[in-house]
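Structure first, then comments.
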Amino acid sequence: MMRKVLVTLAILGFALALLPLAYRAGVQDRPGALAAGYLDDAPRELGAANVVTAIVVSYRGFDTLGEVAVLFAATAGVGAMLTKKRLGPDAASGRGTPATEVLRTATGLLTGLLVMFGVYIFTHGHLTPGGGFQGGVVIATAILLNLMSRPESRLSHGLMTGIESLSGAAYVALGLLGAIFALGFLDPRILPIGRVGSLLSAGSVPLIYSVIGLKVGAELSGILEALKGDRE
Amino acid sequence: MNALEVLAKINPVAASGAVLVLVGLWGVMAKPNLFKIAVAFSVMETGVNLVILSVGYIRGRTAPILDSAADAASASARMTDPVPQALVLTAIVIGLAVTALMLSYAVRLKAGGGGSSIESYGEEKW
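Protein sequence lines, in the order shown, are assigned to chains A and B. One point on numbering: in the working numbering, the residue at position 138 of the first sequence is 169, and numbering is uninterrupted. One point on numbering: in the working numbering, the residue at position 63 of the second sequence is 1457, and numbering is uninterrupted.
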C-alpha cells in the first residue's frame, strides 16, 4: 500500500514537471545560433545535403566514435553473458519448432533485398534521411529473418569479428587522415567535397557512414545470434 | 479561454512523449518482472526522445535536408533545428544497446535459477 502511494506521488511529480514542456516545446520561431550556424555552414563547408548527418559524422564526429564504442561494449557484454556455459546446457533446448513455409520462402525472397536496401541507406546518408546506424539495423533484420527461418544455423563468428574490427579500424583511420590532411580529427575534407546533392559529395562522410553501417550491422547481428542462447 | 484553446496550445509530440515517459516510469517502479522493467525502460526512452525532438521542432519549417523546399542560401530560414535530431539519433542507438544488455542480464539471472521477479533478489538491495 505504502509503495503504491509512493509510486503515484512520483508519477504525479514527474507529470507536473513535464507539463510545461507540453505547452512550451516547439514554440520558438527560429533555430538558435549554433543550429543556424550548422544549417548555413554544413552545405557550404562540407557539401552535405543532410545537415543532421554533417553534425553526427563531422562536427560532432568524436561523439559518434564514442557511441560506436558504447555499442561495441554492449555487444561484448551480451556475447559474454549469453554463452551456453553460463546459461546451462538445457537453456537453448525445447524450441526446435521448425519454421513455417511462409517464413522460409519470405526469407529467401527478402534477404537480398534487405541487404541491398541497408547498403543503399548507409551510402546515401549524406543525401537522404538515414545513415550508418539505420542501414546497419536494416542489414541486421535480414540476419534476424535467416536466424528465425533456420534456428539451427550459425553466423560465422570469425567473419563477424573480422567485419567489425576492420570497419572500426577504418573509421579511426579515416579520422586520423582528417587530422593529417585536413583541419582536424574526423574532418571529411580529405576528399573533394563535390557538388551538394550528388552521391560522391561531402568528402569522406559517405565512407565513414559506410564503415559505421557495416560495424553496426555486424554488431547487431552478433547480439541477435547471442540472444539465441546456443553460443559456445 | 475555453478548453479548446487550451488544447490547441499543447504540442502533440511533446505531450505524447510525456505520456510515454510516465507510462515507462510507472512500469519501472510498479512491475516486479525484470523483463517488463527492461521494456518499460525502453518505453520511457522513446518518450524522452519524442520530448527532445519536439523541443527542436519549428512550426511550418522543413526537415534539415537540402532539396527543392530549401536551398543552401535559405537553409537557416526554412529548416527546423538539426541539433536535437542528431542527439536523438545517438540516443536511439545507445538505448538499443542498453536494452539488449538489460534483457541479457535478465535472461542470465533467470537461467541461474533466480526467477524473473525482482522480489527474488531482495538481498542484493543497495
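Yeah, the Cβ is synthetic: ideal placement off N, Cα and C, and Gly gets one too.
Could you spell out the range, first to last residue, of the alpha helix (DSSP H) harbouring Phe148/A? 132-154
For Ala85/A and Arg220/A, the rounded distance between their alpha carbons: 12 Å
May I have a chain-ordered list of the alpha helix (DSSP H) segments no shorter than 4 residues that lie completely inside the region 163-213 of chain A? 163-180, 188-212
Consult DSSP for Asn1443/B and reduce its assignment to one of helix, strand or coil. helix
Just to make sure I have the definition right: I need the residues of chain A whose C-beta is within less than 8 Å of the C-beta of Val1415/B. Which are they? Phe45, Leu49
Report the residue ranges of all alpha helix (DSSP H) runs contained in full by the region 1465-1512 of chain B; include only those spanning at least 4 residues, in chain order. 1469-1472, 1476-1505
Spell out the partners DSSP gives Arg262/A in its beta bridges. Thr114/A
Taking a cut of 7 Å between CB atoms, which residues from the region 1417-1449 of chain B lie near chain A? Leu1419, Trp1420, Met1423, Ala1424, Val1445, Ser1448, Val1449
Test item: CB-CB of Arg25/A and Ser180/A under 7 Å: Since the first residue of chain A shown is 32 and the last is 263, residue 25/A is not available in this structure.
Could you check if Gly189/A is buried or exposed, using at least 16 other CB atoms within 10 Å of its CB as the buried criterion? exposed
Between the CA atoms of Ile1488/B and Leu1495/B - distance to the nearest angstrom: 11 Å
Exposed unless 16 or more other CB atoms sit within 10 angstroms - verdict on Glu1399/B: exposed
Identify whether Thr1456/B lies in helix, strand or coil by the three-state DSSP scheme. strand
Under a three-way DSSP split, which group does Asp72/A fall into? helix
Buried/exposed call for Leu49/A, threshold 16 Cβ in 10 Å: buried
Counting only beta-carbon atoms, is Ile1336/B nearer than 7 Å to chain A? Residue coverage of chain B in this structure runs from 1395 to 1520, which leaves residue 1336/B outside it and unanswerable.
Excluding the five sequence neighbours on either side, which residues of its own chain have a C-beta within less than 6 Å of the C-beta of Gly166/A, listed in chain order? Gly149, Ile152, Phe153, Gly244
Please check if any C-beta of chain A sits within less than 7 Å of the C-beta of Asn1405/B. yes
One or two residues paired with Asp1461/B in a DSSP bridge: Ala1464/B
Tell whether a beta-carbon distance below 7 Å holds between Leu145/A and Val168/A. no
Ile194/A beta carbon less than 7 Å from that of Ala249/A: yes
Delimiting residues of the alpha helix (DSSP H) encompassing Ile42/A: 33-55
Mind checking whether Ala1491/B and Ala204/A have CB atoms under 7 Å apart? no
Return the bridge partner residues of Asn81/A from the DSSP annotation. Ile1459/B
Spell out whether any CB of chain A is found under 7 Å from the CB atom of Thr1456/B. no
Going by beta-carbon coordinates alone, are Leu222/A and Gly206/A separated by less than 7 Å? no
Assigned exposure category for Pro1426/B - 16 Cβ within 10 Å defines buried: exposed
Tell me where the alpha helix (DSSP H) around Ala1408/B begins and ends. 1406-1424
Provide the residue span of the alpha helix (DSSP H) that contains Ala1402/B, from first to last. 1397-1403
Ser187/A versus Thr159/A - alpha carbon distance: 32 Å
Expressed to the nearest angstrom, what Euclidean distance is found between the alpha-carbon atoms of Leu231/A and Arg75/A? 15 Å
Is the shortest distance between the beta-carbon of Val1482/B and the beta-carbons of chain A less than 7 Å? no
Quick check on the burial criterion: 16 or more other C-beta atoms within 10 angstroms. Buried or exposed for Glu98/A? buried
Ala1505/B versus Leu47/A: straight-line alpha-carbon distance, rounded: 40 Å
At the level of alpha carbons, what is the spacing between Thr1440/B and Leu1483/B? 12 Å
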